[in-house]
Structure formats: structure tokens, C-alpha cells
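Quick note on our numbering: the sequence shown kicks off at 7 and runs consecutively.
Every residue gets a Cβ at the ideal spot worked out from N, C-alpha and C, and that includes glycine.
Treat the numbers as computed from the prediction; the structure is a model and nothing was measured.
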Amino acid sequence: MIYENAHIIGFLNKDEVILEVGIKMKGVFDQKSWIVVSKELEKESLKLASYDNVLIPLLGNLKGKKILDYGAGPGVLALAMKKLGAKVKVYDISPDMLRKAGAKIGNENVYEDIKDVPEDYFDFVICNLVLCIVNDKEVENIAKNIKKALKNEGVVYIGFCNPKICDVKESQLDFRFNNEKYEKNHVYKKIKKEGRYEILEWHRPIDWYKKVYKKAGLKLIKEIFTPEYTLNKVKINDFIIFELKDEK
Ligand SMILES: C[S@@+](CC[C@H](N)C(=O)[O-])C[C@H]1O[C@@H](n2cnc3c(N)ncnc32)[C@H](O)[C@@H]1O
């Protein structure tokens, strides 16, 4: 039988899958299309709990701190940091996302063009779940842009899905369709459980990212992983967050 709009949304075991039939699933297949799922992103409470709630305490007292949220999406985290007293600015490749973020934190806090972002200025530059959706060349560009925006003693936090779990088929956040090796840069498909949408994501080994940061003039201070839990007898940390500083 041929089903219309049939999607694999889970695994029963290594030979049997769970299909969802007859429901058109939203999908994000390139870096410029994230606006399609902006409403879903705004409602992601599990991601918030596992990622944002680990990142925010790392920043310490935010009163008066100048923060750039690079690839801010609809501005959920930007707003949370503003409420904690930070002076938050956002940049995103998508004008629609910037409109959404601007509605939350003020249009005067939005950079529509990367050339408008001031150099040597921010106490913190954060970049969440962006490097994993852009190609190798763009990862290098973003790392350089972040370095330029950071002031001398500033700190960078860059986070995305933990590459070490690339062989995991299911996490609390998603179903993952990946048969490639850890060492190889490659794209794979995920279905997000919250919001039920498909995305294509880049996997790259952690050492690859470290080389890019170094080339951009950023020194690795720490690798932080979000808290471990067990699912299907597998130990999982969903995200990695790199803490970086200017390499002087
Ligand atoms: C998965 S969302 C993450 C949003 C937000 N940082 C968060 O943690 O929820 C990815 C965001 O990166 C933006 N983006 C994609 N490519 C980009 C690029 N090259 N430069 C800046 N932003 C980019 C997308 O428009 C989207 O808003």
C-alpha cells in the first residue's frame, strides 16, 4: 500500500518503524527557511529547559551587560536575557525572524545587516543552534563575525546539538536518521518531537569546530554539555556549548 504524506516518526526496534500517515509535516531544508517554524520554536519548552536554562546561569549577573544574540530566531532567549537586565541586540539572516525578535525586545535592538554590528563591543556573543544548520564556509564566516563583535575581555557561547550522539536514533527532543560516521562532516535528517517538523542538520566532529574557532582567533575555554539522561538505555546529553574568548 502507498500512503500519502507518510513519515517515519520513531523506531520500535532496529527493523520496525512508526509511521505517521496523512499529516503534512512542516520542514526546514535550508538556512533561510526557519521562519516556517517560528511559532513552533517559540513554544519549545523542552529545548528551553535543556538548553536555555543551562546557558543563562553561565552568563552570571546580566545587569547592564551588552549581549549579541547571533541567529536569534524569534527572540525567545533574547527576551529572557533582556528581562534579566542585559542590553540585548540581535542579528539573524532572516528579516522575518528579526521582525519577530524586534517585536519582543524593541526594533532599535535589531541589526538587519551584519555590517551594522559594532566591532569590539559586546561583553557576550551567543550563537545557539545556528552553526549546525549552515555549511562549512558559513561556519567560518560566523566565527569571524563573532570574534569581530566581541570586546577584548568578552566571552562567547556557541551551542548546538551534541555531535557525540550522532549514532543515537531517538533523544527526548527528536528522532534522528543518521547512518554516517562521527568523523565525517555530513547532513542528516531529524524530526523534532516538539512542534513535529523535519529539519536537515549538519554533523561535524568537535575537533573540526575547534580548528575553525582557532582560525577565527577564538580560544576555547570550556566545553559544556547539557545534563545527561537515559532514553532506551542510552545515555544522552542533548547539547554542547563551547565557551570561548578572544585569543590574544
Ligand atoms: C534553529 S533556529 C535557532 C534560533 C535561536 N538561536 C534559538 O536558540 O532558539 C536557527 C536560526 O538561525 C538563523 N540563521 C540561519 N543561518 C544563519 C546565518 N548564516 N546567519 C545568521 N543567522 C542564521 C535562522 O534564520 C534561524 O532564526
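Q) What are the complete beta strand (DSSP E) segments, minimum 3 residues, inside the stretch 187-239? A) Here the runs fully enclosed are 192-198, 203-209, 224-231 and 235-237.
Q. Which same chain residues, not among the five before or five after residue 244, have their C-beta less than 8 Å away from its C-beta?
A. Here the set comprises 56, 57, 167, 168, 171, 177, 178, 179 and 232.
(Q) Determine whether the beta carbon atoms of residue 196 and residue 207 lie at a separation below 8 Å. (A) Yes. Within cutoff.
(Q) Does any residue of chain C have a CB that is nearer than 8 Å to the CB of residue 91? (A) Among the chains of the structure shown, chain C does not appear; only one protein chain is present.
Q.
Which residues does DSSP list as the beta-bridge partners of residue 182?
A. Looking at the DSSP output, residue 182 shares a beta bridge with 196.
Q. Taking just the CA atoms, how far does residue 192 sit from residue 210?
A. Straight-line measurement puts the Cα of residue 192 at about 7 Å from the Cα of residue 210.
Q: Return the CA-CA distance between residue 239 and residue 59, expressed in angstroms with no decimal places.
A: Looking at the two C-alpha atoms, the distance is approximately 25 Å.
(Q) If you reduce the DSSP assignment to three classes, tell me which class residue 119 lands in. (A) The three-state secondary structure of residue 119, taken from DSSP, is coil.
Q: Sort 205, 164 and 173 by Cα distance to residue 227 and report the nearest one.
A: Selected option, being the one with the closest Cα: 164.
Q: Assess, as a yes-or-no matter, whether the stretch 34-50 is touched by the stretch 97-110 under the definition of 3 or more beta carbon pairs within less than 8 Å.
A: Remark: three or more beta-carbon pairs, one from each stretch, lie closer than 8 Å, so the stretch 97-110 and the stretch 34-50 are flagged as touching.
Q. Per DSSP, what kind of secondary structure is residue 108 in: helix, strand or coil?
A. In this structure, residue 108 counts as helix in the three-state DSSP scheme.
Q) When DSSP labels each residue in this structure, what does residue 174 get in the three-state scheme? A) Of the three classes helix, strand and coil, the one that applies to residue 174 here is coil, per DSSP.
Q) Are the beta-carbon atoms of residue 84 and residue 107 separated by less than 8 Å? A) Going by C-beta atoms, residue 84 is nearer than 8 Å to residue 107.
Q) In terms of alpha-carbon separation, which member of 66, 105, 77 and 190 lies closest to residue 91? A) Of 66, 105, 77 and 190, the residue nearest in Cα terms is 66.
Q) Pick from 250, 130, 51 and 112: whose alpha carbon is nearest that of residue 218? A) Of the listed residues, the one whose Cα sits closest to residue 218 is 250.
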